[in-house]
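Peer 1:
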Ligand code: NAD
Ligand code: ZN
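In the UniProt record's numbering, the protein residues as written are 1 to 364.
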């Protein structure tokens, strides 16, 4: 088991990565579970696969698991479901010093984390991420949120978990398309700041999707280390270090918006193609060599992620995609900040990229 500390100004917490952590969830959480009753929020897909494992460990330790099982999908990150979670936590008499368990992907983690942040002005929670995306990205760093009609993740809070347990065994039940989408965020850490990790992804990355445990262990551990480093530097997104995590995301969000945030394009798939576009746009601007830009594209393609807009069967011109970026809250007199590449493993924030230029580039 790897233990990665996330060191923050006031306090720190651990991310533990290994196989079989859920089967020992009571032991892993230890004193964080101070009462007999343990509230757990999950979705029905995950409950069907992992509820018994968690329940068995808790019951063996004399605990009484209390379950709130929600419908799967992004729809759970809503005012309506948040209200349901809050009422349930109040019924369960959760107090500030207690820890709620969030068992699931990024949806359950974001929703439960936000609920914990406002429960009696803030109670504890433990992230038990069960998707690759949640293990390498959403469970680490303390961003929690729900969606509203105004957009995604606009209502939320910074609220750090007390502990994160990334059990690699849960990846065995995850559909490969979801694993691949999560892998986009893995290779992202290499592309944005770690050349050696990118080199590893280039040759070993596909093993993550094939279910190779050693490869998954290395990929998750290195990704968490990268995220922990960036979050420690910039806990509340004020210094700019955290902005680099948005590599591929501005293009990605435009693609997601174009598909109406539907299952046609998973977030990670949008990010993968977004990174391809960021690499090629960086080459066009002369920041990165053609050859290095295409190396990035090839490594993303080798993992089975989309590398062209045409491959998505999307009929979208540059202007249409750029128009989706107009609603970005960082938009400033026709320009947007974009994470671009100076080299493989060397991302930087270009604070003012003209949207017109992006639209032209997308049409080329
Ligand atoms: P998700 O939570 O919807 O999970 C994807 C699907 O996999 C769901 O159907 C789920 O039921 C199923 N599933 C989960 N674990 C499984 C398992 N082990 N076996 C089989 N099926 C399983 O999606 P996600 O991709 O994990 O997370 C996406 C969410 O994360 C988005 O809402 C996004 O905004 C958020 N996010 C947050 C942050 C952050 O910093 N807080 C970062 C990135 C993404
Ligand atoms: Zn992302």
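For each residue, glycine too, the CB sits at the ideal point set by N, CA and C. Quick caveat, the model's predicted, so the values are computed rather than measured.
1. From residue 328 to residue 24, what does the alpha carbon distance come to, in whole angstroms?
2. Where do the N-terminal and C-terminal ends of the beta strand (DSSP E) with residue 347 fall, by residue?
3. How would you call residue 145, buried or exposed, if buried means at least 16 neighbouring beta carbons within 10 angstroms?
4. Looking at residue 332 and ligand 2, is the gap between the Cβ and the nearest heavy atom below 7 angstroms?
5. May I ask which residues mark the beginning and end of the beta strand (DSSP E) holding residue 152?
6. Kindly provide the ranges of any beta strand (DSSP E) runs that are 3 or more residues long and lie completely inside the region 47 to 122, ordered along the chain.
7. Are the beta-carbon atoms of residue 29 and residue 136 separated by less than 8 angstroms?
8. With a threshold of 7 angstroms (Cβ to nearest heavy atom), would residue 367 be considered close to ligand 2?
9. Please report how far the alpha carbon of residue 71 lies from the alpha carbon of residue 5, in whole angstroms.
10. Going by CA-CA distance only, name the one from 230, 280, 94 that's closest to residue 118.
11. Specify, as a first and last residue, the run of the alpha helix (DSSP H) that residue 323 falls within.
12. DSSP state of residue 330, grouped into three classes?
13. So if DSSP puts residue 187 in a beta bridge, which residue, or which two residues, is it bridged to?
14. Run the CB neighbour count on residue 161, radius 10 Å, all protein chains shown included, and call it buried at 16 or more, exposed below.
15. Whole angstroms is fine: what's the gap from residue 237's alpha carbon to residue 243's?
16. Use the C-beta contact count for residue 180: other C-beta atoms within 10 angstroms, 16 or more gives buried, fewer gives exposed.
17. State buried or exposed for residue 235, treating a residue as buried only when at least 16 other CB atoms are found within 10 Å of its CB.
18. Tell me whether residue 323 counts as near ligand 1, meaning its Cβ is closer than 7 angstroms to at least one heavy atom of that ligand.
19. Is any heavy atom of ligand 2 found at a distance shorter than 7 angstroms from the C-beta of residue 185?
20. Tell me whether the beta-carbon of residue 64 lies closer than 8 angstroms to the beta-carbon of residue 34.
21. Using a Cβ distance threshold of 8 angstroms, determine whether the region 244 to 255 contacts the region 275 to 290, with at least three qualifying pairs required.
22. Nearest chain C C-beta to residue 257 closer than 8 angstroms, yes or no?
23. Taking 7 angstroms as the cut-off, is the C-beta of residue 159 nearer than that to any heavy atom in ligand 2?
24. Expressed to the nearest angstrom, what Euclidean distance is found between the alpha-carbon atoms of residue 1 and residue 141?
25. Assuming residue 341 and residue 282 form a contact by the criterion Cβ under 8 angstroms, report the distance between their Cβ atoms to the nearest whole angstrom.
26. Kindly indicate which residue of 215, 265, 356 has the alpha-carbon position closest to the one of residue 314.
27. Would you decide whether residue 227 is buried or exposed? Buried here means 16 or more other CB atoms lie within 10 Å of its CB.
28. Beta-carbon separation of residue 116 and residue 123 under 8 angstroms?
29. Starting from the Cα of residue 97, find the closest Cα among 263, 61, 31, 149 and give me that residue.
30. Buried or exposed, going by whether 16 or more other CB atoms sit within 10 Å of the CB of residue 80?
31. To the nearest angstrom, report how far apart residue 67 and residue 222 are at their CA atoms.
32. Applying the 10 Å Cβ sphere with the 16-neighbour rule, what's the burial state of residue 3?
33. Only counting the same chain, and skipping five residues up and downstream in sequence, which positions put a Cβ closer than 7 angstroms to that of residue 8?
34. Go through its chain and collect everything with a Cβ distance to residue 319's Cβ below 7 angstroms, but skip five positions before and after it.
35. When burial is assigned at 16 or more other CB atoms within 10 Å of the CB, is residue 109 buried or exposed?
36. When every heavy atom of ligand 1 is checked, does at least one fall within less than 7 angstroms of the C-beta of residue 141?
Peer 2: With the given structure in hand:
1. 43 angstroms
2. 346 to 354
3. buried
4. no
5. 151 to 158
6. 64 to 70, 99 to 104
7. no
8. With the chain covering only 1 through 364, there is no way to say anything about residue 367.
9. 32 angstroms
10. Of 230, 280, 94, the residue nearest in Cα terms is 94.
11. Per DSSP, the continuous alpha helix (DSSP H) segment holding residue 323 begins and ends at 318 to 325.
12. coil
13. Answer is none; residue 187 lacks a bridge partner.
14. Classification of residue 161: buried, given that the 10 Å Cβ count is 16 or more.
15. 7 angstroms
16. buried
17. buried
18. no
19. Residue 185: yes, Cβ under 7 angstroms from ligand 2.
20. no
21. Note that the region 244 to 255 touches the region 275 to 290; at least 3 beta-carbon pairs, one per stretch, sit closer than 8 angstroms.
22. Absent from the structure is chain C; it holds one protein chain and no more.
23. no
24. 20 angstroms
25. 4 angstroms
26. The shortest CA-to-CA distance from residue 314 to any of 215, 265, 356 is the one to 265.
27. Classification for residue 227: buried.
28. yes
29. 31
30. exposed
31. 32 angstroms
32. exposed
33. 160, 232, 235
34. 359
35. buried
36. At a threshold of 7 angstroms, residue 141 counts as near ligand 1, since its beta carbon sits closer than that to one of the ligand's heavy atoms.
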